[in-house]
Amino acid sequence: MNIRRVRFDHPDAVKLNDQVQAEYAVRYGDEGDLTPLDATMFVPPRGLYLIAYDDRDSPVATGGWRTQDENDEGYRNGDAELKRMYVTEEFRGRGLARRILAALEEDARAAGRTRMVLETGTQQPEAIGLYTSSGYEPCAKFGYYRDYESSLCYAKAL
Numbered sequence: 001m002n003i004r005r006v007r008f009d010h011p012d013a014v015k016l017n018d019q020v021q022a023e024y025a026v027r028y029g030d031e032g033d034l035t036p037l038d039a040t041m042f043v044p045p046r047g048l049y050l051i052a053y054d055d056r057d058s059p060v061a062t063g064g065w066r067t068q069d070e071n072d073e074g075y076r077n078g079d080a081e082l083k084r085m086y087v088t089e090e091f092r093g094r095g096l097a098r099r100i101l102a103a104l105e106e107d108a109r110a111a112g113r114t115r116m117v118l119e120t121g122t123q124q125p126e127a128i129g130l131y132t133s134s135g136y137e138p139c140a141k142f143g144y145y146r147d148y149e150s151s152l153c154y155a156k157a158l
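UniProt numbering numbers the first residue of the sequence shown as 1 and each following residue consecutively.
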């Protein structure tokens, strides 16, 4: 696998984002994740967006982080928020999400962020398993979905 830095508005990022949104819609019976995002949020050193490509140069996994600081949505100073972690169905179970997660954590740490935070949901047991096995622990809710019962928030010191 070849993991590359890309912009969040790169055509391959848009393609994978559309796929993850469709999966969220099926799992939650809604229109997907409505958290406001734009490409500038993932520009280093205030964030990073990665895509893993297979040996045919097809995009198969993605993830990013963006800077967050204390605000009325429950973030803390020094937070890096994980967004859009996704692996296409045919490439799941190969450790790609774990590799991308480790690269994002390392980059956020190098950028001076002190805590990685993420929001997932009750209908994503695979994600919950990845995060808890990677040292993430439940934390106070934050972000766009903080008032939703199906929302689960996790954090890990960097």
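Every residue, glycine too, gets a C-beta built ideally from N, C-alpha and C. The structure displayed is predicted, hence computed values, not measured ones.
Can you confirm whether residue i, when its beta carbon is compared against all beta carbons of chain B, has any partner nearer than 7 Å?
i     : result
Pro11 : Given the protein chain composition of this structure (a single chain), no chain B is represented.
For the beta strand (DSSP E) that contains residue i, what are its first and last residues?
i      : result
Pro59  : Pro59 to Gln68
Tyr145 : It is not in any beta strand (DSSP E) - Tyr145 carries neither H nor E in the DSSP assignment.
Tyr53  : Gly47 to Tyr53
Arg5   : Asn2 to Arg5
Which of helix, strand or coil does DSSP assign to residue i?
i      : result
Tyr75  : coil
Gly121 : strand
Pro138 : strand
Leu34  : coil
Arg84  : strand
Ser150 : coil
Work out the CA separation of residue j and residue i for me, nearest whole Å.
i      : j      : result
Gly93  : Ala155 : 23 Å
Ala97  : Asp72  : 30 Å
Asp54  : Val60  : 7 Å
Val14  : Ile100 : 17 Å
Gln19  : Glu70  : 31 Å
Val6   : Glu149 : 33 Å
Tyr75  : Leu37  : 16 Å
Ala103 : Gly95  : 13 Å
Glu119 : Arg56  : 32 Å
Asp12  : Ala39  : 13 Å
Asn2   : Ile51  : 8 Å
Glu31  : Glu23  : 10 Å
Thr35  : Asp147 : 13 Å
Less than 8 Å between the CB atoms is what I'm expecting for residue i and residue j, so what's the real figure, rounded?
i     : j      : result
Asp79 : Val117 : 5 Å
The alpha helix (DSSP H) that contains residue i, what's its start and end?
i      : result
Leu110 : Note that residue 110 corresponds to Ala in the displayed sequence, not to Leu. Looking at the DSSP string, the run of the alpha helix (DSSP H) that includes Ala110 is Leu96 to Ala110.
Ala13  : Pro11 to Tyr28
Touching by the beta-carbon criterion (3+ pairs, under 8 Å), the segment 83–93 and the segment 59–66: As far as the Cβ criterion goes, the segment 83–93 touches the segment 59–66, which means the pair count is three or higher.
Pairing CB atoms from the segment 137–152 with CB atoms from the segment 104–113, are three or more of them under 8 Å? The segment 137–152 is not in contact with the segment 104–113.
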